[in-house]
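Structure first, then comments.
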Amino acid sequence: MEERTPLLHYRLATSCALPPRDVSKGARRQSAKDAPRSASPKLGVMFGVVIPTLLSMFSVVLFLRIGFVVGQAGLYQSITMFVVAYFIITMTVLSICAISTNGALEAGGAYYMISRALGPEFGGSIGIMFFLANVCGCALYILGLVEAIMFTFGVPEESTAAFTGFHQMLPSGYWWCLLYGTILLFLCFVVCLVGAHIYAKATFIIFIIVLTVLASIFTSFFIVGPTVVILPEASLTNSTSRRTANYTGLWLSTLKGNLFSNYTVDYTTGGVMNFARVFAVLFNGCTGIMAGSNMSGDLKNPSYSIPRGTLAAVLTTFTVYNLLSLLAAGSCDRYLLQRDYSFLGDINVWPPMVTVGIYSSTMSAAMSNLIGASRILYALAKDNLLGGVLALARRTSRSGNPWVSVLVSWLLVQVVLFAGKLNTIAGIVTIFFLLVYAAVNLACLALEWASAPNFRPSFRCFTWHTCTLGIFGCLVMMFLISSIHAFASIAFMLLLWMLIHYLGPISNWGYISQALIFHQVRKYLLLLDVRKDHVKFWRPQVLLMVTNPRSCMSLMTFINDLKKSGLYVLGHVKLGLLDSLPTDPLQSCYDSWLFLVDHLKIKAFVNLTLADSVRHGVQNLLFISGF
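Counting in UniProt numbering, the sequence shown runs without a single skipped number right up to 627 at its last residue.
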């Protein structure tokens, strides 16, 4: 039992000697100092979290890919996909709620949560991955919007006058679509450049439009009778393909025909679909859960707004997606679902209504990802993790808007637009988001396992089981979607981790690894029982008194070789009385001694004491070392 004393004393002594790790007050003072002189209005639950999250999730998948999912996977597998996807994001949302209600939350959203929990290396690498995920997500929504515009107004390639409407006037082709995407992206850039308060007002108007469109879609399934739908020209793979498909209205036989999967070629990419590819496209409708937490720096009370707003948005979208899948499977034949991704407009009581909904919601989701990416980049730059690489990204306008970060994010999205097709980058975006969600769950799991006294979230509807299930679900789906992309993203994250570890500055955020180690060491020290000691397992316990470390380095190395995995304590006595000194002189010495231990590569503890004589000091060291 004596063996536990030196380690416990060493840990308690160093923790008392070093300055406290909790720098929340200092951080608040620093953030107040760095705050702009004229702060922009703060956002509440509805405008800051619920509306951005709903619009991020009600976008491409809702209006342009719900028929694709049901037509390829069937109703049973579609509902299974939604259950799996929402199970993963619900576990992640619980972790987000726990971390966001554990004190102050500043700009950066998920990056701020992870970096303050797991340290700068892990948080920085995941923050960069999350930034790239938002960049790719913005490009995905822009490409989806271009696809919708070309369906309505584009001149089909290889079309004839008989099948070209009077409104189809926009030239088609890769470079034309890239031009349209660039123009739309520039509009998003202008809105985000003005600031988050203008974005919030714009999204509220779009939210009202989307609610109206959703009401018209659900109403149309019940009041529109059977009709024949003319399929888009792009979906016709050859001259013998059917040019029409049937909308039967709600009919039991139609529902039975759409229950099971029937994977075929996706007419936008030419690739044969399977469960993993369809899930990758579907999951993009679930990746907007952090739209609210990304706005944490613009929220009036992030700890209050993020849990309530995110949970409400997730429950709403899950209900709408499943109801819409059921209605589509019961009213549209399989050929219509597979060959016309914009079928919701064809069967609507007023088709232009759905077109307006597609344009507005997809534009809003693109803006949400763009503004989220800029806030993450700004948080990375403000923490100075990459040295001077992101120095310019710390610049803000007088209202506090990080305009340089918005500009950099806009340029990167423009580069991703060269991918050309929505389904082409859907898998990559999904894997990036899954990796970030796994990291959020890991951060919450580490805090829970460490039993850190400063981790006391007001949101208690989570356990280490939910965190573990979230991590496991994210990793499994990553490798099911694309093992190559999953391995590549993890390797890229590890590369970023090493770069930040070796090149980044030293932070004072604290390291969760130290809390986990202390928790485990304390648990095993309590298991030591002096009554079970036996001579067969005796180990040496050495206290080496060192006066001058410079002249005793060889001796310290020699004793380290003799200890044979026993306890080895370096002791030093400093003469003086604490009553006559303004501060404890030993506090400034501990770091130097620990650096010496690291430099000599010896396995030893350090005990320093202050006494009026060497004799009394040695007695103190013998007592506190447990010898």
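Virtual Cβ for every residue (Gly too), placed ideally from N, Cα, C.
When the five nearest sequence neighbours on each side are left out, the beta carbons in the same chain lying within less than 8 Å of the beta carbon of A393 are those of L377, Y378, L380, A381, P402, V404, S405, V408, in order along the chain.
By the Cβ-count criterion, L412 is buried, with 16 or more other Cβ atoms from all chains shown falling within 10 Å of its own Cβ. Distance between F518 and Y524, taken at the CA atoms: about 10 Å.
Here C461 is exposed, its C-beta having fewer than 16 other C-beta atoms within 10 Å. Fully contained in the segment 505-569 are the following beta strand (DSSP E) runs of length 3 or more, in chain order: 541-545. Cβ contact annotation for Q338 (same chain, cutoff 7 Å, sequence separation greater than five): G71, Q72, T264, in chain order.
Counting C-beta pairs with one atom in each stretch, the segment 306-325 and the segment 268-281 have fewer than three that are closer than 8 Å, which means they do not touch.
Comparing alpha-carbon positions, the option among T244, V69, L62, R539 lying closest to M273 turns out to be V69.
With fewer than 16 other Cβ atoms inside 10 Å of its own Cβ, S551 counts as exposed.
If only complete runs of 4 or more residues are kept, the segment 190-270 shows the alpha helix (DSSP H) at 196-223, 252-257, in order along the chain. Counting along the chain, A611 sits inside the beta strand (DSSP E) bounded by residues 605-611. In summary, L140 is buried, with 16 or more beta-carbon neighbours lying within 10 Å of its beta-carbon over all protein chains present. Within the DSSP secondary-structure output, K382 pairs in no beta bridge. The three-state reading of DSSP puts G173 in coil, since its state is none of H, G, I, E or B. Note on H572: 16 or more other CB atoms within 10 angstroms of its CB, so buried under the neighbour-count rule.
F221 sits buried, since 16 or more C-beta atoms from the chains shown fall within 10 Å of its C-beta. Around the beta carbon of M498, fewer than 16 other beta carbons lie within 10 angstroms, which makes this residue exposed. Excluding the 5 residues flanking it on each side, V228 has same chain C-beta neighbours closer than 7 Å at T244, N246, in chain order. Distance check between G144 and each of F63, I88, Y199, L326 places F63 closest, using alpha-carbon atoms only. Between V213 and V314, the C-beta gap is not smaller than 8 Å, which leaves the two residues out of contact. G67 and A419 have their C-alpha atoms some 23 Å from each other. Counting along the chain, the unbroken alpha helix (DSSP H) around P307 starts and ends at 302-331. Within the segment 438-508, not a single complete beta strand (DSSP E) segment reaches 3 residues in length. Here the C-alpha atom of C177 lies approximately 12 Å from the C-alpha atom of F153. Here V272 is bridged, per DSSP, to V265. In the displayed model, G288 falls within a helix according to three-state DSSP. Ranking G388, Y86, R116, S588 by CA distance to the CA of A443 puts R116 first.
At the C-beta level, C474 and Y502 stay beyond 8 Å of one another. The beta-carbon separation of T101 and S458, rounded to 4 Å, stays under the 8 Å limit for a contact. Rounded to whole angstroms, A328 and F479 show a C-alpha spacing of 30 Å. Per DSSP, the continuous alpha helix (DSSP H) segment holding V83 begins and ends at 66-100. For Y141, the uninterrupted alpha helix (DSSP H) run begins and ends at 120-153, by DSSP. Between the segment 88-100 and the segment 356-366, the count of C-beta pairs closer than 8 Å stays below three; the two stretches do not touch. Check the Cα spacing between N348 and each of L299, T317, S216, C332: the tightest is with S216.
In the assembly as shown, S588 is an exposed residue. Its beta-carbon has fewer than 16 other beta-carbons within 10 Å.
In the displayed model, V413 falls within a helix according to three-state DSSP.
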